[in-house]
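Asker: Have a look at this one before I ask anything.
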Amino acid sequence: MEIILSHNQIDFDALASMVAASKLYPEAKMVLPKQQSEQVRQYLAIYRDSFDFISDQTICWKEVNHVILTDVAALDRTEAQSKLPGDIPMTVYDHHPLLEEDKEEHVTYIIEKTGAAVTILIEEMMKQQMDISLYEATLFALGLYTDTGSFTYPNTTVRDLKAAVFLMERGVQLELVHQFSEETLSSSQQEAFQTYLSSAESLELEGLHVVIASLKTEEFVGSLNVITSRVIETTGADAVITVTSMQNKTFIIGRSSSDRMNLLPIMSHFHGGGHEKAASATVKNRTLSSVIKEVKEKLSSSISSAVRADFLMSAPVKTVVEDTTIDEAKDQMLHYGHNGFPVVNKDGALIGIISRRDVDKANQHGFGHAPVKGYMSTNPVTITKQTSFEHIQQLMIQYNIGRLPVIENDKIIGIVSRTDVIEYMHNLTSKEKCTPENISEQIELLLPEKIVHLLKKAGTIADEKGMKAYIIGGIVRDMILEKPSEDIDIVIEGDGIYFAEAFAKHVKGTVTPHETFGTATVETADGIKLDFTTSRTEYYEKPAALPTVVRSNIKEDLFRRDFTMNAMAASLQPESFGELIDYFNGLKDIQEKKLRVLHNLSFVEDPTRILRGIRFEARFSFRMDEETEAFLRHSAASISALSQSRIIAELKHIFQETNPIDSISRLHELGVLNKFLPGSVWSEKTSAVLSLLLKKWKQQGTKPSEKDEWFFIASCLYVENKQTASLIESIAATKPQKKIARDVAVILSCDDDDVFQSRGAFHEIAFHLDEDALFLAELAFEASKEKNKASLLHTYRTKRRNLPSWISGEDLKGAGLTPGPAFKDYLFQLEKAFLNDEINNREEALIYIERRIKGENEE
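Per our numbering, the sequence shown starts with residue 52, numbered consecutively.
See the structure below:
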């Protein structure tokens with residue numbers, strides 16, 4: 052067993068180094084120290100579930116055979132002190148100097164003079180071209196920034212800056228780095244800092260905690276902005292404004308950690324400026340108290356409405372009853388991807404929370420059969436619909452909990468999880484914020500008036516019945532792209548079939564329910580059809596399997612979609628008609644023409660999404676982002692689990708909707724072409740064959756039926772040589788396709804040049820071969836510059852289609868032949884003679900027979 056350790060009182064560099072080491076040693080387990088810096092503790096209160104830590108109590112220390120130490124060079128400063136033998140093999144990644152005499156033989160030391168230990172591990176990941184997630188990049192940056200003082204400490208190196216560039220290219224969110232990092236103050240600044248704290252006045256405004264602190268001094272104090280930043284970090288306030296009277300001037304400095312607090316209106320009042328979250332102003336000849344009074348008066352105009360729990364929460368809530376076994380709870384967590392569930396009694400009242408850690412602990416002691424009520428956390432912390440986002444954060448940090456049930460009338464109506472908080476925080480800190488949008492104008496403009504009326508009617512009925520109705524997926528995407536759409540799907544949070552029946556009564560239409568899928572189609576008297584679906588989620592028992600679907604909420608319904616641009620909805624409720632529901636930044640991705648998958652296992656769960664992704668790239672001129680491409684490449688092994696019928700169905704779509712040359716080239720570029728079509732080759736020759744095929748189809752104005760078109764296109768990828776040609780049959784789905792495949796292989800495997808000397812000679816092997824096989828072989832010869840063979844096949848096909856029936860059995864009997872097997876041979880020889888242009892009419896055919904009979908008799 053391998054473990055990863057770092058020093059006690061772990062800081063961000065140590066934490067980041069541990070996570071980075073886990074990327075380099077994927078089998079190793081990270082042991083999280085009990086002692087953590089305050090900033091790390093707050094960070095982990097939010098992000099703990101994003102990383103796979105274990106505690107020292109769960110380790111069987113006798114099984115440990117290798118230790119990876121990060122940001123420390125000896126075990127005596129770690130959780131493993133005195134728990135491991137002194138000669139256990141270790142690998143050390145550290146940036147602190149170590150004397151040669153202190154080094155030990157059983158340890159591999161990787162000690163470099165860098166500003167941060169994490170730099171050393173980032174460099175190794177760069178060498179191995181490893182992919183990292185957005186969360187990982189931001190954590191690694193926290194390690195870099197805090198240990199280098201934002202690259203101002205003397206020990207900062209060029210290597211640290213290069214590591215930072217690498218992280219920036221992978222999406223580091225600097226506002227989060229700033230939020231969690233710490234500054235160092237000088238002694239004079241420390242004094243000013245303490246004065247600010249002692250004078251601090253706390254205000255609660257619109258759910259925000261705002262601190263106003265003051266200082267009056269005749270001595271100069273520098274870096275007031277740095278001190279103000281420390282005040283906001285120390286107090287945990289959402290915003291801090293310091294007012295400092297110094298040498299006949301009053302300095303007003305503001306720092307905000309909340310997107311809801313815009314400091315510019317306040318500072319503009321004092322003729323200052325800056326940014327929304329960092330601004331300042333200076334005034335002269337004003338008393339400290341008068342300035343503070345005006346600051347307070349301007350506060351309300353700088354605060355926007357609170358984001359509340361009812362916006363963040365997921366509903367309906369998945370719960371488990373108190374008698375559910377630990378094993379059953381674990382299975383449900385796996386299926387739904389949750390890290391915990393609220394526990395309710397038989398009356399539906401909340402009595403506890405069971406977390407993944409609780410389940411793992413119970414399983415470790417062999418109590419998988421026991422009910423969850425014995426291991427759940429009791430007296431859970433709850434919130435209401437009105438609880439602000441900021442207060443939710445505070446509760447998670449204060450109680451170190453990952454989920455907060457939303458309670459109304461003693462019932463659970465929703466739940467806010469760490470994931471919800473993280474997603475909202477990262478959306479807020481994106482460089483280009485995707486603000487809520489409303490697409491009602493596009494709906495009115497791009498959809499027929501009758502359709503718009505029906506959509507509004509659906510929203511009104513949903514409102515009356517306490518449900519929610521949304522248009523979802525392709526139609527929302529098309530509205531944003533300002534394209535007409537006929538793909539109208541309406542999702543109902545509730546019972547979709549029940550709603551469809553009620554809707555049909557209102558519009559005097561007919562309803563066709565599909566109980567198995569929870570869907571229904573309503574057709575109006577005008578012949579307009581609308582599809583209604585119950586909002587649902589799905590899980591996959593194994594990669595590439597068809598999903599198991601269960602009822603859920605709109606957020607989880609959207610999460611099961613393929614790409615972010617298809618994972619948006621728009622409200623149909625009267626008060627919010629057209630309001631965009633965009634949990635995954637699909638709007639931003641559309642604006643940037645970016646195709647982004649929703650989660651890292653998306654392609655593993657359904658590899659056909661790879662083909663759909665290429666279709667979308669072509670249809671909308673989008674491009675998969677780096678992370679999506681990385682997920683795709685790592686999921687390639689899952690393609691082999693797909694059934695042939697599912698692959699063929701997607702190939703039909705992609706070849707009909709895109710230029711096959713472009714889509715096949717893209718599949719090859721992504722390294723998955725050979726996974727979908729095993730044994731296929733994308734080369735100069737096969738691409739030329741495909742180009743010729745498409746050109747011939749266009750010139751002739753005809754092509755095979757849809758069921759065969761994909762097969763001919765795919766077959767072009769197997770004509771590289773006779774070995775690959777023998778594999779065409781493996782992709783054939785019908786008997787005719789299998790015959791074509793075998794016949795192509797026959798022609799391309801023929802090594803006898805005499806066969807290609809004349810059309811008649813070729814007829815000896817080709818008389819029974821399929822016309823389409825001859826056509827494909829002709830293209831293969833043309834592409835490989837074998838012009839003579841290509842020309843022969845072309846004229847052979849033309850003449851064979853027009854073989855005449857000049858000679859009958861009666862003619863042969865009249866020439867003196869006795870009926871029998873010889874008849875067939877004579878007629879076959881006539882075909883060869885015709886193909887070789889040796890006979891051109893009936894008279895010449897009769898003469899040919901006479902001469903042949905005469906020659907045989909003379910012999």
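Even for Gly, the Cβ is constructed at its ideal location relative to N, Cα and C.
In angstroms, rounded to a whole number, what distance separates the CA positions of N430 and N390?
Answerer: Going from the Cα of N430 to the Cα of N390 covers about 18 Å.
Asker: Rounded to whole angstroms, how far is the Cβ of F671 from the Cβ of R647, which I believe are closer than 8 Å?
Answerer: Not really, about 13 Å apart at Cβ, beyond 8 Å.
Asker: Please report how far the alpha carbon of Y847 lies from the alpha carbon of N853, in whole angstroms.
Answerer: Those two C-alpha atoms are separated by around 10 Å.
Asker: Do you know offhand how far K593's Cα is from L275's?
Answerer: For K593, the pLDDT reaches just 43, beneath the cut-off of 50, and the residue's location in the model is therefore unreliable, although a value from the coordinates is still provided. Cα-Cα distance, rounded: 57 Å.
Asker: For S835 and L799, I'd like the C-alpha separation in whole angstroms.
Answerer: About 12 Å.
Asker: Could you pull out every residue in the same chain whose Cβ sits closer than 6 Å to the Cβ of K484, ignoring the five residues on either side in sequence?
Answerer: Low confidence applies to K484: its pLDDT is 39, below 50, so where it sits in the model is not reliable enough to give any reading.
Asker: What residue range does the beta strand (DSSP E) around H565 cover?
Answerer: Looking at the DSSP string, the run of the beta strand (DSSP E) that includes H565 is 561-565.
Asker: What is the rounded straight-line gap between the Cα of L172 and the Cα of A72?
Answerer: Cα to Cα, L172 sits roughly 7 Å from A72.
Asker: Looking at the secondary structure, which residues open and close the alpha helix (DSSP H) in which M177 lies?
Answerer: 168-178 is the span of the alpha helix (DSSP H), which, as asked, contains M177.
Asker: Please confirm whether T121 and P140 have their CB atoms less than 9 Å apart.
Answerer: In this structure, P140 does not lie closer than 9 Å to T121 by Cβ.
Asker: Can the beta-carbon of V2 be found closer than 9 Å to that of I605?
Answerer: Because the chain is modelled from 52 through 910, residue 2 falls outside the range shown and cannot be assessed.
Asker: Evaluate contact between the segment 672-686 and the segment 640-656, counting only Cβ atoms and requiring at least three cross-stretch pairs below 8 Å.
Answerer: Result yes; three or more Cβ-Cβ pairs closer than 8 Å.
Asker: May I have the straight-line CA-CA distance separating A243 from S265, to the nearest angstrom?
Answerer: Whole-angstrom Cα-Cα distance: 9 Å.
Asker: Using three-state DSSP, classify V612 as helix, strand or coil.
Answerer: Here residue 612 turns out to be Arg, not Val, going by the sequence shown. Correct three-state label for R612: coil.
Asker: Counting Cβ pairs closer than 8 Å, one from the segment 388-407 and one from the segment 454-469, do we hit at least three?
Answerer: Yes, they touch.
Asker: Around the Cβ of Q493, are there at least 16 other Cβ atoms within 10 angstroms (buried) or fewer (exposed)?
Answerer: Looking at its Cβ environment, which holds 16 or more other Cβ atoms inside 10 Å, Q493 is buried.
Asker: When we look at the beta-carbon of R611 and count the other beta-carbons within 10 Å, is it buried (16 or more) or exposed?
Answerer: Looking at its Cβ environment, which holds 16 or more other Cβ atoms inside 10 Å, R611 is buried.
Asker: How would you write the range of the beta strand (DSSP E) that L825 sits in, first residue to last?
Answerer: Unbroken run through L825 is the alpha helix (DSSP H), 822-834; no beta strand (DSSP E).
Asker: Could you tell me the distance, in whole angstroms, from the CA atom of Y634 to the CA atom of M619?
Answerer: Y634 and M619: Cα-Cα distance of roughly 7 Å.
Asker: So, helix, strand or coil for S319, using DSSP?
Answerer: Residue state, collapsed to three classes: helix.
Asker: Below 9 Å between beta carbons: does that hold for I343 and I263?
Answerer: Result yes, Cβ atoms of I343 and I263 sit closer than 9 Å.
Asker: Note down, in chain order, each residue of its chain lying with its Cβ closer than 7 Å to the Cβ of N651, except the 5 sequence neighbours on either side.
Answerer: Excluding residues within five positions, the ones whose Cβ falls inside 7 Å are F682.
Asker: Excluding the 5 residues preceding and the 5 following K482 in the sequence, name in chain order all residues of the same chain whose CB lies nearer than 6 Å to its CB.
Answerer: Residue confidence is low: K482 scores 37 on pLDDT, short of 50, so the model does not pin down where it sits. Its coordinate-derived value is still stated next. Hits under 6 Å: none found.
Asker: For T570, write down the residues that DSSP places opposite it in a beta bridge.
Answerer: BP columns for T570 point to H565, T584.
Asker: I'd like to know whether the C-beta atoms of Q93 and F231 end up nearer to each other than 9 Å.
Answerer: Cβ distance < 9 Å, so Q93 and F231 count as in contact.
Asker: Counting Cβ pairs, one atom from each stretch, are 3 or more of them under 8 Å apart for the segment 720-733 and the segment 765-774?
Answerer: Result yes; three or more Cβ-Cβ pairs closer than 8 Å.
Asker: Suppose the cutoff is 7 Å on Cβ atoms and the five residues either side in sequence are ignored; what does the same chain contact list for S309 look like?
Answerer: Excluding sequence neighbours, S309 sits near L259, D289, A290, E441.
Asker: Look at the Cβ atom of V118, then the Cβ atom of L135, and state whether they are nearer than 9 Å.
Answerer: In this structure, L135 lies closer than 9 Å to V118 by Cβ.
Asker: Nearest to T785 by CA position, among S716, R311, F762, V806, is which residue?
Answerer: That would be F762, whose Cα lies nearest to the Cα of T785.
Asker: Which residues in the same chain as T438 place their Cβ atom closer than 7 Å to its Cβ, once the five residues preceding and following it in sequence are excluded?
Answerer: Excluding positions up to five away in sequence, the list reads R359, A360.
Asker: Alpha carbon to alpha carbon, how far is F550 from G560? Give it in angstroms, no decimals.
Answerer: G560 and F550: Cα-Cα distance of roughly 13 Å.
Asker: Is the segment 208-222 touching the segment 169-183, taking contact as three or more C-beta pairs under 8 Å?
Answerer: Enough Cβ pairs lie closer than 8 Å, so yes.
Asker: Taking M297 as part of the beta strand (DSSP E), name the residues at either end of that continuous run.
Answerer: Where M297 is concerned, the enclosing beta strand (DSSP E) stretches over 290-297.
Asker: By Cβ distance, which residues of its chain are closer than 6 Å to E678, with the 5 residues on each side in sequence left out?
Answerer: Once the five neighbours on either side are set aside, E678 has no close Cβ partner at all.
Asker: Name, in chain order, the residues that DSSP records as bridge partners for N489.
Answerer: The partner list for N489 (beta bridge, DSSP) reads E630.
Asker: Using DSSP bridges, identify the partner residues of P658.
Answerer: In the DSSP output, where bridge partners are listed per residue, P658 has none listed.
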